[in-house]
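Number of protein chains: 2
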Amino acid sequence: MAASVPISKTIYLGAFAHCISLANLEICARGAIGVDEQGLIQFVEKEISSPSDVTTKHPSWASAQIVSVDDGFFFPGFIDTHTHAPQHPNTGLFGKTTLLDWLETYTFPLEASFEDTRKAGRIYGNFVARTLSHGTTTCAYYATRHVEATNLLTEICLERGQRALVGRVCMDRLSPEYYRDADIESAIRDSKACIDYARKVDEKGEIVRPVVTPRFAPSCTAPCLAELGKLAREEGAFVQTHISENTGECELVKEWFPESESYTHVYDEAALLTERTILAHAIHLSKEERRLIKERGSKISHCPASNTALTSGCCPVRELLDEGITVGLGTDVSGGVSPSILEEARHAIWTSRFVAMSAPSAPVATLNNAAKLSTAEALYLATRGGAAVVGLEEKIGGFDVGKEFDAQMIRLGSVPEAGDYEGTFGDEGAGGPVDIFGFESPEEKVEKWVYSGDDRNCAAVWVRGRLVHKTARYKV
Amino acid sequence: MAASVPISKTIYLGAFAHCISLANLEICARGAIGVDEQGLIQFVEKEISSPSDVTTKHPSWASAQIVSVDDGFFFPGFIDTHTHAPQHPNTGLFGKTTLLDWLETYTFPLEASFEDTRKAGRIYGNFVARTLSHGTTTCAYYATRHVEATNLLTEICLERGQRALVGRVCMDRLSPEYYRDADIESAIRDSKACIDYARKVDEKGEIVRPVVTPRFAPSCTAPCLAELGKLAREEGAFVQTHISENTGECELVKEWFPESESYTHVYDEAALLTERTILAHAIHLSKEERRLIKERGSKISHCPASNTALTSGCCPVRELLDEGITVGLGTDVSGGVSPSILEEARHAIWTSRFVAMSAPSAPVATLNNAAKLSTAEALYLATRGGAAVVGLEEKIGGFDVGKEFDAQMIRLGSVPEAGDYEGTFGDEGAGGPVDIFGFESPEEKVEKWVYSGDDRNCAAVWVRGRLVHKTARYKV
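Residue numbers (full-length UniProt numbering), protein chains in the order written: chain A, 1 to 476; chain B, 1 to 476.
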């Protein structure tokens, strides 16, 4: 499998960019990153005058392989902290529904069909290839309630070398009878089976880790949630679930958990609110709930594209960040319509602007400029923020000595003097969707990539120094 | 030039889709459209059982050329009712600015550099090729204040065969001295020169038409606006300008035109509010202003992507439509970050959802479902709506007998049984960004294209039956 292929020492030569803090994107136009046989970053040179500079400084790297980029830059791999692999075939199908009728109409019937493992293999194979092609090197996946299909997703991620959290989805109510755990015992037994499988095929969890996955509070009875909390503790496993996405859902939780002080308390009472918990959406939380989440050290996955498509609401991300909560981005396919974290970063920026224009249709809106996310901040959420959400902040998220090399090579091309490409737009090799005229600063090139780039610009992708995706534009 | 190339009678065979009313998207899975040597649609068959069916019904077409699509559908060409061709190199560069500081920082310096005609040629050539590649068959362009560069844009559109309105931008104040019309006389003389040129190279205006283009009220003194109104009337020309985009701009208009009842009245008093007037943005208009626009028969270009990026506001499109105002979509590059009307249609849908969630950060938002645009409605704005905005509703916008054939061939590919494409995502020929699994209905295929498609799916583009763009995926 890709993750354990032996690799040779490699120097990644050329421009690179990464986030060094929430507000600061560092761009080095003439950089060099040395990655050893284990995929660890051994040196980072930020300003070299020539390639020989590097080997003069690091003589033991004289015979290292060179991978260079001259019309773009290296960027850390993206981290998708929340998505549903089985829902991928429903991408773009949602009409005017909101969360609860959307689940009933589109989601449950499709997920239930993953009883068919062959179908699951085709869809999962396709989706993992898609997310990799968009530069996603780590992905927190929801699977379905089926043990066999969930284990297949684990295998595919391991085989392709994409870091993943893979969760078998638990639910003992709300969903239709044809797609529900028969009882708590079987829910726990099946979840345990998926955890065991993941730990068998990847003992140290270097690539794939299991994650305890109650769909969300309305889908699970209180005793079921409590047993899942116990399981997560016993297994030392991550937890992922949804919280406070839709106002109808919030009402349901109030009604079905009358003893609990809040939605957040429902999870806390089941011991599901841990340092290893990823809560998706978190739109309609009270200040008190956010305080509790902060106190417990739980993390939040912000899914703006999905929240807009299903009119769930606008998550006030800036407030979460100001309160010190750890936030990453989630594509939330198929609530979200794209498997691309780059596209999600754009949506995070747009949503922050809608928050800034809080009363959008008022004749004279007063802008709340503080609510706006900058390009740098959106990229931080997509990389270091996401790494912290999935508990890998020591290993990935940026180009630091000692971290593992999870990266993408971004190529941008350049507009020919004649202007057009003689009708070759839309074809491979024609420069992709970003038009670089030659008068852009390094900062402006990154901005252009963020606002108009797509998978065509992602020429190659590495996880732990292993090449896990490339296009015809990647030439060593 | 492409527009006058002789063509042979052609039958476009396969699925097609188009909007037959604001709410209704018609999808014919087994269609045939007959286009004659003039590029006119002579027949539309909505349900054929076999290709021979067509020639049995239309024997004189037995030797016609056949262009067929089997993994997608034909769709009317898109109409972009508002964009700025010279601003294309600034795409993605806007930071956290809003309209007035954005103009000062990014726009005016770039536009001023179009004094250099060689630079203009490169950028215009690139941009026209880009918009064509996204299926835009008609485009309302703002150029700059330079006569020579503006005439070059006219030539390029004519040469490439893209229908266009091309406007020399007028402004006798607000912009810096280095980029301003010296006086009203020269503003009118230069505008007239561009009108004359367009009418010389395309006498009947079949492809390119001139358009009188005051940038917007704050950029023009009242006498200048009045002279431009007079010029438009004398020339029987279209008018395009901006209105009520940003609250700071609205305040400025109030201050600089104290005698006028409203922003809309400023244009009306200058005789610029005509049936041939395209007003971009129209976000913060009063009901009275909208009534006046409706009464004058002026049209509105909705530019949601730009309005979000520059936090200008959310145009309440549903209200405009309910009031009977004609609306189309505009990419508004480089306020907007994409030259694609498909992307703009998505933004129109997202913006309508933000309007629906009118108090986005409130803990319990009440949804205004009536504000949501459907997929069909967004596509209507992108085609028939846009056609009516640019005065071509009798000629283009849908597949009706007697209309000219402006169309795009959408190809979708299909996911192989093995799921992934062996790492070929991002390359040409790998199916593009839309994943079709084979269980989708024709309606669902269109939805998938709208929400995840891009220029890779636009295999070929025709204007008046002439092929004006194709990719390697287009095989006759």
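Beta carbons: idealized from backbone N, C-alpha and C, even for Gly.
Continuous beta strand (DSSP E) stretch holding residue i: start and end
i               : result
lysine 299(B)   : 299–302
valine 468(B)   : 466–470
arginine 411(A) : 407–411
serine 452(B)   : First-last for serine 452(B): 442–452, but that is the alpha helix (DSSP H), not the beta strand (DSSP E).
leucine 329(B)  : 327–329
Pair within 8 Å by beta-carbon distance, residue i and residue j
i                 : j                    : result
isoleucine 79(B)  : threonine 138(B)     : yes
isoleucine 283(A) : serine 260(A)        : no
valine 166(B)     : alanine 198(B)       : yes
alanine 388(B)    : threonine 326(B)     : yes
threonine 83(B)   : phenylalanine 114(B) : no
serine 452(B)     : serine 298(A)        : no
glutamate 45(A)   : alanine 32(A)        : yes
glutamate 377(A)  : alanine 23(A)        : yes
threonine 117(B)  : glutamine 87(B)      : no
glutamine 240(B)  : valine 211(B)        : yes
tryptophan 61(B)  : valine 69(B)         : no
valine 323(A)     : arginine 290(A)      : In the sequence under discussion, the amino acid at residue 323(A) is glutamate, which differs from the valine named in the question. Yes. Within cutoff.
glycine 419(B)    : arginine 122(A)      : yes
leucine 379(B)    : valine 450(B)        : yes
serine 191(A)     : leucine 231(A)       : yes
leucine 329(B)    : alanine 348(B)       : yes
glutamate 235(B)  : isoleucine 195(B)    : yes
glycine 14(A)     : phenylalanine 73(A)  : yes
leucine 152(B)    : tyrosine 124(B)      : yes
glycine 34(B)     : glutamine 408(B)     : no
Those residues which DSSP pairs with residue i across a bridge
i                    : result
cysteine 170(A)      : Pro214(A)
tyrosine 141(B)      : Thr83(B), Val166(B)
tyrosine 12(A)       : Ile33(A), Val67(A)
cysteine 458(B)      : Ile410(B)
valine 333(B)        : Gly336(B)
glycine 72(B)        : Arg411(B)
arginine 296(B)      : Arginine 296(B) pairs with nothing; no bridge assigned.
arginine 209(B)      : Leu165(B)
phenylalanine 437(A) : Paired residues: none, contrary to the question.
valine 463(A)        : Arg466(A)
Range covered by the alpha helix (DSSP H) that runs through residue i
i                    : result
phenylalanine 238(A) : Per DSSP, phenylalanine 238(A) belongs to no alpha helix (DSSP H); it is in the beta strand (DSSP E), 238–243.
glycine 229(A)       : 222–235
valine 317(B)        : 317–322
cysteine 194(A)      : 184–201
valine 147(B)        : 147–160
Short CB-CB distance (under 8 Å) between residue i and chain C
i                : result
threonine 308(A) : No chain C appears in the structure shown, which is made up of the protein chains A and B.
Check: residue i C-beta below 7 Å from any heavy atom of the ligand SAM
i             : result
glycine 31(B) : Summarising the ligand content, the structure contains no ligands, and the ligand SAM is consequently not present.
Quiz prompt | Segments assigned beta strand (DSSP E), at least 3 residues, entirely inside the region 17–62 of chain B | solution = 25–35, 41–45
Practice problem: Run through the region 91–138 of chain A for me and flag every whole alpha helix (DSSP H) of 4 or more residues, listed as ranges in chain order. | Solution: 99–102, 108–112, 117–133
Quiz item: Which ranges does the alpha helix (DSSP H) cover as unbroken runs of at least 4 residues, wholly within the region 247–289 of chain A, from first to last along the chain?
Solution: 247–256, 263–269
Practice problem: Tell me, please, whether the region 462–474 of chain B touches the region 443–454 of chain B by the rule of three or more beta-carbon pairs shorter than 8 Å. | Solution: no
Quiz item: Within the chosen definition, does the region 216–225 of chain B reach the region 183–194 of chain B through at least 3 CB pairs nearer than 8 Å?
Solution: yes
Exercise. Run through the region 338–418 of chain A for me and flag every whole alpha helix (DSSP H) of 4 or more residues, listed as ranges in chain order.
Key: 341–356, 375–380, 386–389
Exercise. Would you check if there are 3 or more beta carbon pairs closer than 8 Å linking the region 331–345 of chain A to the region 90–102 of chain A?
Key: yes
Quiz item: Taking contact to mean at least 3 C-beta pairs separated by less than 8 Å, is the region 124–142 of chain A in contact with the region 157–174 of chain A?
Solution: yes
Self-check item: Touching by the beta-carbon criterion (3+ pairs, under 8 Å), the region 400–418 of chain B and the region 432–439 of chain B
Solution: yes
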